[in-house]
Ligand SMILES: Nc1ncnc2c1ncn2[C@@H]1O[C@H](COP(=O)(O)OP(=O)(O)O)[C@@H](O)[C@H]1O
Ligand SMILES: [Mg+2]
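Numbering (our numbering), first residue to last: 2 to 293.
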């Protein structure tokens with residue numbers, strides 16, 4: 002079992018912005034969803050874990066090794082797919098993986114060939130190995146990104162908003178691929194889409210404004226809201242009244258009629274009960290945070 006432990010982590014950028022505010026987390030093998038809106042601090046947290054930037058204070062250990070001091074240890078065991086991979090050189094998929102494998106220290110040529118073929122087959126790109134990566138579709142590029150992240154048998158895989166820009170079918174395929182891998186390693190998936198966390202992540206956390214707001218198993222977080230979610234169709238000009246009286250977590254136009262969803266321990270008048278889903282968990286946590 003691999004364990005990543007983050008304890009009271011803080012990161013202040015040079016301009017004085019506190020991107021990470023006292024984060025503590027313990028993450029074990031399996032797929033961990035880091036869910037939060039744009040600007041929440043997800044990329045800041047991931048870049049700090051992988052050693053691209055030093056925290057202002059706090060500690061990070063992986064398998065009990067202090068990786069803030071010893072960045073080599075995490076780099077040796079890490080597969081990282083950053084949010085912005087940057088520009089791909091005009092090199093075919095096979096040669097680019099071979100190059101990255103050398104950078105990762107896989108010095109034995111036969112071993113490199115074996116891993117590259119295995120991974121290209123695993124991500125369904127073996128037939129495209131002679132094509133240049135910059136000509137790939139978004140989904141193919143992301144699958145290539147996973148293949149490079151998996152080179153060298155990493156114990157921890159960190160992927161930052163990997164599904165952005167993928168169509169639903171590509172997203173599904175990509176997420177399934179990640180969850181297949183995740184039983185024996187730590188996989189951290191950051192996303193602003195609840196959809197990515199649903200069904201795939203064994204554990205999740207909601208993050209906003211550099212803080213962890215809620216952590217748990219998706220199923221259990223949903224269960225906590227059972228009997229507390231209510232909805233009602235209202236007139237557009239009634240929204241403010243409802244917002245001042247009730248905890249409105251979302252509003253939606255359904256066939257040109259405004260429908261609001263609220264969290265309440267007992268049934269508000271005129272509302273009907275709704276089965277909780279993960280979106281409710283997410284919007285509820287965020288709405289509590291916005292009042293602080
Ligand atoms: N190098 C930096 N210097 C100053 N502020 C930064 C820097 N990088 C990110 N930020 C700020 O930190 C906050 C969190 O950004 P980020 O970690 O990219 O969030 P997310 O990945 O969740 O969208 C944002 O307000 C962003 O503008
Ligand atoms: Mg980001």
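Ideal placement from N, C-alpha and C gives every residue a C-beta, glycine not left out.
query                                                                                                                          : result
Cβ pair residue 234, residue 258 closer than 8 angstroms                                                                       : yes
For residue 21: DSSP bridge partner residues                                                                                   : 12
Residue 118 CB to nearest heavy atom of ligand 2 below 7 angstroms                                                             : no
Contact test: residue 43 Cβ vs ligand 2 heavy atom, cutoff 7 angstroms                                                         : yes
Proximity test, residue 40 beta-carbon vs ligand 1 heavy atom, cut-off 7 angstroms                                             : yes
Bridge partner(s) assigned by DSSP for residue 188                                                                             : 32, 158
Beta carbon of residue 192 nearer than 8 angstroms to that of residue 34                                                       : yes
Spatial neighbours of residue 113 in its chain, beta-carbon cut-off 7 angstroms, leaving aside the 5 residues before and after : 99, 102, 107
Contact under 8 angstroms by Cβ, residue 36 with residue 141                                                                   : no
Cα-Cα separation, residue 4 to residue 87                                                                                      : 30 angstroms
C-beta atoms of residue 296 and residue 75 nearer than 8 angstroms                                                             : Lying before the first or after the last residue shown, residue 296 is absent from the chain, which here runs from 2 to 293.
Separation of residue 274 from residue 53, as counted between CA atoms                                                         : 47 angstroms
DSSP bridge partner residues for residue 282 (one or two, in chain order)                                                      : DSSP lists no partner for residue 282.
Assigned secondary structure, residue 171 (DSSP; H/G/I helix, E/B strand, else coil)                                           : helix
Residue range of the unbroken alpha helix (DSSP H) whose run includes residue 99                                               : 94-104
Beta-bridge pairing of residue 145 - partner residues as DSSP gives them                                                       : None; residue 145 has no bridge partner.
Beta-carbon separation (whole angstroms), residue 160 vs residue 179, contact threshold 8 angstroms                            : 7 angstroms
Cβ contact (3+ pairs, closer than 8 angstroms) linking the segment 149-159 and the segment 167-177                             : no
The segment 36-45 in contact with the segment 201-220 per 3-pair CB rule at 8 angstroms                                        : yes
Closest Cα partner of residue 83 within the set 57, 46, 117, 262                                                               : 46
Beta carbon proximity, residue 285 to chain C, threshold 8 angstroms                                                           : Judged by its chain identifiers, the structure shown contains no chain C, having just a single protein chain.
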